[in-house]
Amino acid sequence: METLSSLTTSQLLLLSLLSLPAFYIIKRAFSVSTAVEGADKSSADDKDAQPKSIMQPENLDLSPPSDAPYTLDALKAFDGSDPAKPIYVSIKGTVFDVSKKEDLYGRGGSYNIFAGKDGSKGLGMSSLKEEDAVPDYSDLSESDMKVLNDWHGFFSKRYNIVGRVVDLPGAPEEH
23 METLSSLTTS
33 QLLLLSLLSL
43 PAFYIIKRAF
53 SVSTAVEGAD
63 KSSADDKDAQ
73 PKSIMQPENL
83 DLSPPSDAPY
93 TLDALKAFDG
103 SDPAKPIYVS
113 IKGTVFDVSK
123 KEDLYGRGGS
133 YNIFAGKDGS
143 KGLGMSSLKE
153 EDAVPDYSDL
163 SESDMKVLND
173 WHGFFSKRYN
183 IVGRVVDLPG
193 APEEH
């Protein structure tokens, strides 16, 4: 039997390469148990570390939709500037209560531009510009209209419908 000192360099290299998979398998076997033990802690840490997102799962506990009438002027009172009032966003004339996402729609939030108004055109265009956050979406392209409809569907599954805008300008008859 050959001893380790009598092996050639190429034989030593081959032996090292053949032992790498075994080392890898053993290392993985022991590291999986450590990863599983720390999973609860890391997932809790990840929740705190992740940036806030508009995307959240569907809300299965929504109230029945309300058909309360709102004018565009009345909607302005629900723009997130008064902490005593809810925050409303209107899409295609449907008014949604987005108060549970005050960090996004409230004063200083990323999407505050849509609070207290119907900003359908801006949503359809995926624009955060003040001049685009207007209710008249009649001139949207077909692809922008699809985006707007997707936003309406998204909001409908996540936020309570608290009313409808009764003086929506330039929108097609069917919302």
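Quick note: the sequence shown uses this note's numbering, first residue 23, plus one each step. We treat Cβ as the ideally placed atom computed from N, Cα and C, and that holds for glycine.
Is it right to say residue i is buried, meaning 16 or more other beta carbons lie within 10 angstroms of its own, or is it exposed?
i    : result
K139 : buried
A155 : buried
G185 : buried
I82  : First, the residue type needs correcting, since residue 82 is Leu and not Ile in the sequence shown. Exposed, because fewer than 16 other Cβ atoms sit within 10 Å of the Cβ of L82.
S32  : exposed
D172 : exposed
K123 : buried
Return the chain-ordered list of same chain residues with a C-beta closer than 8 Å to the C-beta of residue i, the five sequence neighbours on each side being excluded.
i    : result
P157 : L94, S112, G115, K139, D140, G141, S142, K143, V187, L190, P191, G192 and A193
G175 : none
Among residues of its own chain, excluding the 5 on either side of residue i, which ones have a beta-carbon nearer than 6 Å to its beta-carbon?
i    : result
D166 : G146 and M147
L84  : N182
V129 : Note on identity: in this sequence residue 129 is Arg, with Val being the wrong assignment. Excluding residues within five positions, the ones whose Cβ falls inside 6 Å are G102 and S103.
Please state whether DSSP places residue i in a helix, a strand or coil.
i    : result
G185 : strand
V8   : Residue 8 is absent from the model: the chain starts at 23 and stops at 197.
T31  : helix
A106 : coil
V54  : Only weak support is given to the placement of V54: the predicted model assigns it a pLDDT of 45, under 50, and the value that follows is read from those uncertain coordinates. V54 falls in the helix class under three-state DSSP.
A155 : coil
K179 : coil
L97  : helix
L82  : coil
S160 : coil
L150 : coil
Whose C-beta lies closer than 7 Å to the C-beta of residue i among residues of the same chain, with five residues either side of it excluded?
i    : result
K107 : A99 and F100
D89  : G185 and R186
N134 : G102, Y127 and G128
A66  : For A66, the predicted model reports a pLDDT of 43, less than 50, meaning its position is unreliable; a value from the coordinates is still stated below. Correct list: empty, nothing qualifies.
What are the residues that DSSP puts in a beta bridge with residue i?
i   : result
P91 : R186
* Fully enclosed by the region 108 to 140, which beta strand (DSSP E) runs are 3 residues long or longer? -> 110 to 113 and 116 to 119
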